[in-house]
Every structure is written in C-alpha cells, then in structure tokens.
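J.: Using the working numbering, the first residue of the sequence shown is number 44, and each one after it goes up by one. The beta carbon of each residue, even a glycine, is placed where N, CA and C say it ideally should be. Computed from a prediction, not measured in an experiment: that's the story for all the values here. Here's a structure for you.
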Amino acid sequence: MRVLIVGLGSIAKKHINALLQCHPEVEIYALRSSHQAKPYEQVQDWYTWEEALNFRYDFVIISSPTSLHKQVIERLKESGMPLFIEKPLFDSLQGKELIEELKVRKIPTYVACNLRFLEVIRSLQKLLKHVTVNEVNVYCGSYLPDWRPGTDYRQCYSAIPELGGGVHIDLIHEIDYVYWLFGQPKRVHKVFTNKSSLDIRACDYANYLLEYPAFNVNIILNYYRRDGKRMCEIVTSEDTYTANLLDNTLSRAKGEILEQYPQRIIDTYTVQMRFFLSMLETGNFNFNTVEDAYNVLKICLE
44 MRVLIVGLGS
54 IAKKHINALL
64 QCHPEVEIYA
74 LRSSHQAKPY
84 EQVQDWYTWE
94 EALNFRYDFV
104 IISSPTSLHK
114 QVIERLKESG
124 MPLFIEKPLF
134 DSLQGKELIE
144 ELKVRKIPTY
154 VACNLRFLEV
164 IRSLQKLLKH
174 VTVNEVNVYC
184 GSYLPDWRPG
194 TDYRQCYSAI
204 PELGGGVHID
214 LIHEIDYVYW
224 LFGQPKRVHK
234 VFTNKSSLDI
244 RACDYANYLL
254 EYPAFNVNII
264 LNYYRRDGKR
274 MCEIVTSEDT
284 YTANLLDNTL
294 SRAKGEILEQ
304 YPQRIIDTYT
314 VQMRFFLSML
324 ETGNFNFNTV
334 EDAYNVLKIC
344 LE
C-alpha cells in the first residue's frame, strides 16, 4: 500500500501512527512546503506536486490548513485517487461546485471526524432508539495554548481566521456528531465572539442553537477553558443521560455510570483508519462523504 499525505502537521502524525498500526508495511510519502521541514520517521518527502504525482497512491490524506483544502483537492481531482480529508472540509461554503465535480468524477471521499468512533458516542446512538428526547446540551471547552506544546498558539492556524481558524469550525466534531445522531436541523441560530483573555483574532467562543421538530440542541464551544470539559447531555422524558467524552463514560442523572470504556480519544484514530481501509477494500464509500461534510459546514457557516 502506498499513501500520500498533503500537510504533515500534528494531526497528520496521528493518522500516520494509525495507518502504521493497521498496515505496518505501508509506504508513506508527504508533500512538504519547504526543504527545511523536519523529517518524520518512515515518511519519504516530496517538495513539488510534479514529484508527488509521479506515483500512483492507494489514497491521499489531506491534512493541510483548512484554507488550502480546496486548492489541494482541485490539484488531485484529475488523478481520481480516493481522498481522506481531515475535518473541516473547507473554511467557507464556496466549494459546492467542486463537490459536484467530485461526485461526477466518482472520486471516493471520506471526511475524518474521529469522534464518531468514540464508544460513548456509539452508546448514545443506541440509546436514542429507546428514548424520547426533550433537549440536548453539548459542551466542549479546552485551552488553545495547550493544544500544540512548544509553539506560540497565536501563530497557529486555529488563531488565524484567514487560515480557517476559529473555535466555531475548529471544533466541528461536536456539530458533526450532532448531525450524525439527529440529522439536519430545521433552523440554526448562532453567536460567535472573541472576547476572552487569549487575545486572538479568530472566534474563541461559539454558541449554536439547533431547532429540530421535537426538541432543541444547544452547543457551546470555546478555546479558553483550562480545565477541559467535553460532554453531551440528553434530557429525555424519563431521565437525563450524560456522555463524558474525556472519560468515555455514560451516566444517569444521579451519577450512576451505565457504561465505561477503556478506549481513549487517541484510539479512535486507529478505529477510524481501520474503517476507512475497509471502505477502500470494498469500494463502498457511503460514510461521511464530502456531501455529508458540506451539510455540517452549512450548520457552522450558513
């Protein structure tokens, strides 16, 4: 197996590790932006598109800054190679024609949202078949300066709107799994601000209210919470259930733990890669395609 990576940053390294666990003999190549880029073990570097596209790959991982996704896909579409695209799909809604072109060309696509493979989220999916939902509350607060140790958080793409940064889209995982669990909402209301002490130009607080026919979903995201919190609360007609995504537990209102999983969030990258490779083997790409990811993007940006 031969794989090309476009954008060898921190998230790409997680995909590389997952790929090596699933397929130790894989040949990995990366298109680098500079000859000064630090080498990465078990990865061969290319420095031009001409070099990179001299080879045929089983698939391409696109993990460049979000603002570059469209031009990378434009460059790759002629090849017809399957695309594994790191979320979010784009940094704007100006990619609808490209999505249609990928569809016409029948290019297999998958947009990577690894939280769909977290066991507690899978538990929620099963739970929802047996309860009547009245309200859903989703929260994800974390501290941006801790995301990439050894770097200035103000210089990373998350802090820079022009590179596709901003918590409203950077933490699109929460929007994605809500879309996966409940489908497209009827209406979306949202508030984006950057008033915190982080002093960045990108949005560092986002509040979404998603209206569904029988209930509402409230989603709060931020970059400035030092004590990380990531949860999804389902208020039903009979009880309240809370999924703690950091502990991978599902509990009832009074604290009774119903499910507790040893899986860590980092483990979901391997589960996700194994799932993607199975789609690659069968040719059945029907899970979180670019069409699905564009629907999620519309919730964020429309």
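For E68, which residues of its own chain have a beta-carbon under 8 Å away from its beta-carbon, when the five flanking residues on both sides are left out?
T.: Numbered from its first residue, the sequence shown carries residue 68 at position 25. Closer than 8 Å at the Cβ level, and outside the excluded window around E68, lie M44.
J.: Could you tell me whether the Cβ atoms of H306 and N291 are closer together than 7 Å?
T.: Along the sequence shown, one-based indexing puts residue 306 at 263. Along the sequence shown, one-based indexing puts residue 291 at 248. The sequence as given places Gln at residue 306; His does not occur at that position. Contact: yes.
J.: Please report the Cβ distance between V234 and L253, rounded to the nearest whole angstrom; I am assuming they are in contact, meaning their Cβ atoms lie under 8 Å.
T.: In the sequence shown, residue 234 corresponds to position 191, counting from 1. In the sequence shown, residue 253 corresponds to position 210, counting from 1. V234 to L253, Cβ: 13 Å. No contact.
J.: Starting from D335, trace the alpha helix (DSSP H) in both directions and tell me its first and last residue.
T.: The residue given as residue 335 occupies position 292 in the sequence shown. Taken as a continuous stretch (DSSP letters only), the alpha helix (DSSP H) holding D335 covers 333 to 344.
J.: Alpha helix (DSSP H) containing W92: first to last residue?
T.: Start at 1 with the first residue of the sequence shown, and residue 92 comes out as number 49. 92 to 95 is the span of the alpha helix (DSSP H), which, as asked, contains W92.
J.: In this structure, how does DSSP classify Y186 when only helix, strand and coil are distinguished?
T.: Working through the sequence shown from its first residue, we reach residue 186 at position 143. In the three-state scheme derived from DSSP, where H, G and I count as helix and E and B as strand, Y186 is classed as strand.
J.: In the DSSP assignment, find the unbroken alpha helix (DSSP H) run with N60 in it and report its ends.
T.: As a position in the sequence shown, residue 60 is number 17, starting the count at 1. That run of the alpha helix (DSSP H) goes 53 to 65.
J.: Evaluate contact between the region 135 to 142 and the region 101 to 119, counting only Cβ atoms and requiring at least three cross-stretch pairs below 8 Å.
T.: yes
J.: Candidates Y304, G209, A296, E70: which alpha carbon is nearest L288's?
T.: In the sequence shown, residue 288 corresponds to position 245, counting from 1. Per the Cα distances, Y304.
J.: For a test of the three-state rule: what should DSSP assign to K232, helix, strand or coil?
T.: As a working note, residue 232 is residue 189 in the sequence shown. According to the sequence shown, residue 232 is His rather than Lys. Strand.
J.: Straight-line CA distance for K146 to G123?
T.: For the purposes of this step, residue 146 is identified with residue 103 of the sequence shown, where counting begins at 1. For the purposes of this step, residue 123 is identified with residue 80 of the sequence shown, where counting begins at 1. Between K146 and G123, the C-alpha separation is close to 11 Å.
J.: Buried or exposed: which applies to G226, given that a residue is buried once 16 or more other Cβ atoms fall within 10 Å of its Cβ?
T.: Your numbering for residue 226 matches position 183 in the sequence shown. Answer is exposed; the Cβ neighbour count stays below 16.
J.: In this structure, how does DSSP classify D247 when only helix, strand and coil are distinguished?
T.: Here residue 247 corresponds to residue number 204 of the sequence shown, with the count starting at 1. The DSSP-derived three-state label of D247 is coil.
J.: Given L293, which residues of its chain have a CB within under 6 Å of its CB, disregarding the five upstream and five downstream residues?
T.: For the purposes of this step, residue 293 is taken as the residue at position 250 of the sequence shown. These residues qualify, in order along the chain: V163, S166, A286, L301, E302.
J.: Just checking my contact of V103 with L47 at CB under 8 Å: how many whole Å lie between their CB atoms?
T.: Taking the first residue of the sequence shown as 1, we reach residue 103 at position 60. Taking the first residue of the sequence shown as 1, we reach residue 47 at position 4. Indeed, because the Cβ distance is near 5 Å, the residues count as touching under 8 Å.
J.: Have a look at N261 and W223 and give me their C-alpha separation to the nearest angstrom.
T.: The sequence position of residue 261 within the sequence shown is 218, counting from 1. The sequence position of residue 223 within the sequence shown is 180, counting from 1. Near 15 Å, if we compare the C-alpha coordinates of W223 and N261.
J.: Since I believe Q64 is in contact with T313 (beta carbons under 8 Å), could you give me their beta-carbon distance rounded to a whole number of angstroms?
T.: As a working note, residue 313 is residue 270 in the sequence shown. As a working note, residue 64 is residue 21 in the sequence shown. That belief holds up - the Cβ atoms of T313 and Q64 are roughly 5 Å apart, short of 8 Å.
J.: Where do the N-terminal and C-terminal ends of the beta strand (DSSP E) with R295 fall, by residue?
T.: Along the sequence shown, one-based indexing puts residue 295 at 252. Counting along the chain, the beta strand (DSSP E) containing R295 begins and ends at 292 to 295.
J.: Quick one: what does DSSP say K113 is sitting in, helix, strand or coil?
T.: For the purposes of this step, residue 113 is taken as residue 70 along the sequence shown, with counting starting at 1. Helix.
J.: Hey, is the region 239 to 250 in contact with the region 200 to 211, meaning 3+ C-beta pairs nearer than 8 Å?
T.: yes
J.: If you drop the 5 nearest sequence neighbours on each side, which residues of the same chain put their C-beta closer than 8 Å to that of E299?
T.: Mapped onto the sequence shown, residue 299 falls at position 256. The beta carbon of E299 sits closer than 8 Å to none of the beta carbons in its chain outside the five residues before and after it.
J.: Kindly indicate which three-state DSSP category F330 falls into: helix, strand or coil?
T.: Locating residue 330 in the sequence shown gives position 287, where the first residue counts as 1. DSSP places F330 in the coil class of the three-state scheme, outside both helix and strand.
J.: What residue from I308, T236, S53, F258 has the CA that sits closest to I105's CA?
T.: Against the sequence shown, residue 105 aligns to sequence position 62. Nearest of I308, T236, S53, F258 to I105, Cα basis: S53.
J.: Can you give me the start and stop residues for the alpha helix (DSSP H) that R269 sits inside?
T.: Stepping through the sequence shown from its first residue, residue 269 is reached at position 226. Careful: R269 lies outside any alpha helix (DSSP H), inside the beta strand (DSSP E) at 267 to 279.
J.: Would you tell me roughly how many angstroms separate the C-alpha atoms of H78 and E84, rounded to the nearest one?
T.: Your numbering for residue 78 matches position 35 in the sequence shown. Your numbering for residue 84 matches position 41 in the sequence shown. Distance between the alpha carbons of H78 and E84: 16 Å.
J.: Does the distance from the CB of I150 to the CB of C343 come in under 7 Å?
T.: Position 107 of the sequence shown, counting from 1, holds the residue named residue 150. Position 300 of the sequence shown, counting from 1, holds the residue named residue 343. Result no, Cβ atoms of I150 and C343 do not sit closer than 7 Å.
J.: Looking at C-alpha atoms only, which residue of H66, K81, S76, A155 is the closest neighbour of W92?
T.: Against the sequence shown, residue 92 aligns to sequence position 49. Cα-wise, what sits closest to W92 is S76.
J.: Keeping to the same chain, check which residues put their C-beta closer than 7 Å to that of N259; ignore five residues upstream and five downstream.
T.: On the sequence shown, residue 259 is found 216 positions in, with the first residue counted as 1. E178, L252, L253.
J.: I309 by DSSP, collapsed to three states: which one?
T.: By 1-based counting over the sequence shown, the position of residue 309 is 266. Correct three-state label for I309: helix.
J.: For C199 and A95, what's the separation of their Cα atoms in angstroms?
T.: In the sequence shown, the residue the question calls residue 199 occupies position 156. In the sequence shown, the residue the question calls residue 95 occupies position 52. When rounded, the distance between both Cα atoms is 26 Å.
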